[in-house]
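Under numbering that gives the first Met the number 0, the letters of the sequence shown match residues 0 to 340, in that order.
To start, the structure itself, in structure tokens.
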Amino acid sequence: MNYLHLHKIIHRDLKSPNVLVTQTDNVKISDFGTSKELSDKSTKMSFAGTVAWMAPEVIRNEPVSEKVDIWSFGVVLWELLTGEIPYKDVDSSAIIWGVGSNSLHLPVPSTCPDGFKILMKQTWQGKPRNRPSFRQILLHLDIASADILGTPQETYFKSQAEWREEVKKHFEKIKSEGTCIHRLDEELIRRRRDELRHALDIREHYERKLERANNLYMELSAIMLQLEVREKELMKREQAVEKKYPGTYKRHLVRPIVRSNAVEKLIKKKGSISHKPGMPSSKRPDLLRSDVIPSLDPLPSPLRFQPVQKSPPLLVKLATEASLATAVRTAKEATASSPPS
């Protein structure tokens with residue numbers, strides 16, 4: 000088998016009926032009808048071979064590699080140690096379901112030498128990449144075979160009989176539980192349905208969250224669009240007022256959105272400054288009041304200012320004469336009160 004794998008050939012049907020022994024005790028592997036040359040990529044294998052020697056990936060009809068022969072070799076090694084038929088009197092459907100789901104393995108005798116016990120467990124790893132190669136198996140057998148070769152035949156046959164009894168009890172237990180396979184299938188189906196229902200609930204929950212987020216985004220987009228439109232209208236109105244009444248607005252930009260409390264503070268502050276004594280009153284209108292910048296919804300009517308009434312010429316003349324008379328009287332009083340030089 001190591002030679003075959005070195006030449007990239009998978010046997011795919013390694014089992015004890017295909018292992019021949021000559022009169023000179025030479026072991027030959029036969030029945031290469033299902034063998035296939037291994038390419039660089041793993042090959043997909045047809046349902047060839049006997050169920051008891053099949054690897055889980057073969058039963059599941061998945062792409063396979065040379066590691067399927069490693070699994071089959073472990074079953075043949077188990078036969079050599081116990082002298083028993085693998086899965087004897089166990090229904091083939093139960094074997095397919097158990098091996099294919101990685102829930103069924105051949106029982107390893109409790110008193111089996113540790114070296115062979117470890118080797119069989121390694122060859123039956125569920126993941127193919129975790130199984131050893133035949134080169135590693137040869138190195139392992141060189142060490143583990145010392146336990147078997149150093150044991151007398153009578154002791155070994157006695158141990159083998161004990162192993163067979165232990166294996167038979169295990170197979171009887173599997174056979175009695177074979178009627179539970181259908182119940183296990185139903186339980187598995189029920190669990191899968193529950194998992195699917197839970198996954199659908201989670202998906203529906205996140206879809207609702209996503210829909211809510213989309214709605215919020217659409218609302219925010221609409222509000223931003225309205226703000227942009229109103230800001231443009233406000234800029235147009237400011238330009239119109241500035242064009243008609245130059246100097247009404249300051250040259251620097253004013254924020255389009257000002258909080259109400261900030262507006263009130265600015266109005267109070269401006270009012271207190273304008274009413275201080277000695278401070279000249281500003282003729283520029285208050286930009287924060289609604290009489291200058293009206294509501295954004297209706298278009299404002301043109302601003303009308305009351306013309307300043309001019310004083311009549313007669314009143315001006317009388318006021319001038321009164322001022323001159325007062326000045327003359329003040330000068331005479333100052334001259335009379337001063338002492339002569």
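The beta carbon of each residue, even a glycine, is placed where N, CA and C say it ideally should be.
Predicted model, so just to flag it, every value in this text is computed and none were measured.
In this structure, how does DSSP classify Pro341 when only helix, strand and coil are distinguished? In this structure the chain extends from 0 to 340, so residue 341 is not present and cannot be described.
Helix or strand or just coil, what does DSSP make of Lys27? As a position in the sequence shown, residue 27 is number 28, starting the count at 1. Correct three-state label for Lys27: strand.
Helix, strand or coil at Leu79 [DSSP, three-state]: Here the question's residue 79 lines up with position 80 in the sequence shown. The DSSP-derived three-state label of Leu79 is helix.
Whole angstroms is fine: what's the gap from Met53's alpha carbon to Leu76's? Translated into positions along the sequence shown, residue 53 becomes position 54. Translated into positions along the sequence shown, residue 76 becomes position 77. Cα-Cα distance, rounded: 14 Å.
Spell out the partners DSSP gives Val89 in its beta bridges. Reading the sequence shown from its first residue, position 90 is the one you call residue 89. Bridge partners of Val89: none, in fact.
On the premise that Glu161 lies in contact with Thr110, defined as a C-beta separation below 8 Å, what is that separation, rounded to the nearest angstrom? Here residue 110 is taken as the residue at index 111 of the sequence shown, counted from 1. Here residue 161 is taken as the residue at index 162 of the sequence shown, counted from 1. Taking a contact as a CB-CB distance under 8 Å, the pair Thr110 and Glu161 counts as one, their CB atoms being some 7 Å apart.
With DSSP as the reference, identify every bridge partner of Val240, one or two as the case may be. Working through the sequence shown from its first residue, we reach residue 240 at position 241. BP columns for Val240 are empty, so no partner.
What are the start and end residues of the beta strand (DSSP E) that includes Val50? Stepping through the sequence shown from its first residue, residue 50 is reached at position 51. Segment: none, Val50 is in no beta strand (DSSP E) and carries neither H nor E.
Would you mind sorting Ile69 into buried or exposed? The rule is 16 or more other CB atoms within 10 Å of its CB. One-based indexing of the sequence shown puts residue 69 at position 70. It counts as buried.
Cross-strand partners of Val20 (DSSP beta bridge): By 1-based counting over the sequence shown, the position of residue 20 is 21. Looking at the DSSP assignment, Val20 forms a beta bridge with Val26.
If Pro106 and Gln121 are in contact, beta carbons under 8 Å, what's the gap, nearest whole angstrom? For the purposes of this step, residue 106 is taken as residue 107 along the sequence shown, with counting starting at 1. For the purposes of this step, residue 121 is taken as residue 122 along the sequence shown, with counting starting at 1. Their Cβ separation, rounded to whole angstroms, is 16 Å, which puts Pro106 and Gln121 out of contact at 8 Å.
Are Ile95 and Val50 close, meaning C-beta to C-beta below 8 Å? Counting from 1 along the sequence shown, the entry for residue 95 is found at position 96. Counting from 1 along the sequence shown, the entry for residue 50 is found at position 51. Cβ distance < 8 Å, so Ile95 and Val50 count as in contact.
Let's see if you can read the secondary structure: which residues bound the alpha helix (DSSP H) around Gln159? Translated into the one-based positions of the sequence shown, residue 159 becomes position 160. Boundaries of the alpha helix (DSSP H) harbouring Gln159: 152-175, taken from the DSSP string.
Of all the CB atoms in chain B, is at least one closer than 8 Å to the CB of Met234? This model lacks chain B altogether, as it is built from one protein chain only.
When the Cα atoms are used, what is the spatial distance from Glu230 to Leu224? Here residue 230 refers to the residue found at position 231 of the sequence shown. Here residue 224 refers to the residue found at position 225 of the sequence shown. Roughly 10 Å separates the two Cα atoms.
Since Ser144 is in the alpha helix (DSSP H), which residue starts that stretch and which ends it? Locating residue 144 in the sequence shown gives position 145, counting from the first residue. It spans 133-148 - the alpha helix (DSSP H) in which Ser144 sits, taken as one unbroken run.
Which of helix, strand or coil does DSSP assign to Lys116? Working through the sequence shown from its first residue, we reach residue 116 at position 117. Correct three-state label for Lys116: helix.
Measuring alpha carbon to alpha carbon, tell me which of Glu65, Leu79, Gly97 ends up nearest Arg59. In the sequence shown, the residue the question calls residue 59 occupies position 60. Considering only alpha carbons, the answer is Gly97.
Proximity of Ala143 and Gly114 at Cβ, strictly below 8 Å: Sequence index remark: in the sequence shown, residue 143 carries index 144 (1-based). Sequence index remark: in the sequence shown, residue 114 carries index 115 (1-based). Yes, the pair counts as a contact, with Cβ atoms nearer than the cut-off.
What distance in whole Å lies between the Cβ atoms of Met119 and Gly73, which are believed to be in contact at a cut-off of 8 Å? Reading the sequence shown from its first residue, position 74 is the one you call residue 73. Reading the sequence shown from its first residue, position 120 is the one you call residue 119. Yes, Gly73 and Met119 are in contact; Cβ-Cβ is about 5 Å, under 8 Å.
Determine whether the beta carbon atoms of Ile9 and Val89 lie at a separation below 8 Å. Numbered from 1 along the sequence shown, position 10 holds the residue referred to as residue 9. Numbered from 1 along the sequence shown, position 90 holds the residue referred to as residue 89. The answer is no: Cβ separation not under 8 Å.
Three-state secondary structure assigned by DSSP to Ser220: Locating residue 220 in the sequence shown gives position 221, counting from the first residue. Of the three classes helix, strand and coil, the one that applies to Ser220 here is helix, per DSSP.
Going by C-alpha distance, which of Arg189, Ser29, Asp12, Val67 is nearest Trp123? The residue given as residue 123 occupies position 124 in the sequence shown. In terms of CA proximity to Trp123, Val67 leads the group Arg189, Ser29, Asp12, Val67.
Buried or exposed, going by whether 16 or more other CB atoms sit within 10 Å of the CB of Pro149? Taking the sequence shown and counting its residues from 1, one reaches residue 149 at position 150. Before going on, a small fix: residue 149 reads as Gly here, not Pro. Taking all protein chains shown into account, Gly149 has fewer than 16 neighbouring C-beta atoms within 10 Å of its C-beta and is therefore exposed.
According to DSSP, is Trp70 part of a helix, a strand, or is it coil? Translated into the one-based positions of the sequence shown, residue 70 becomes position 71. In the displayed model, Trp70 falls within a helix according to three-state DSSP.
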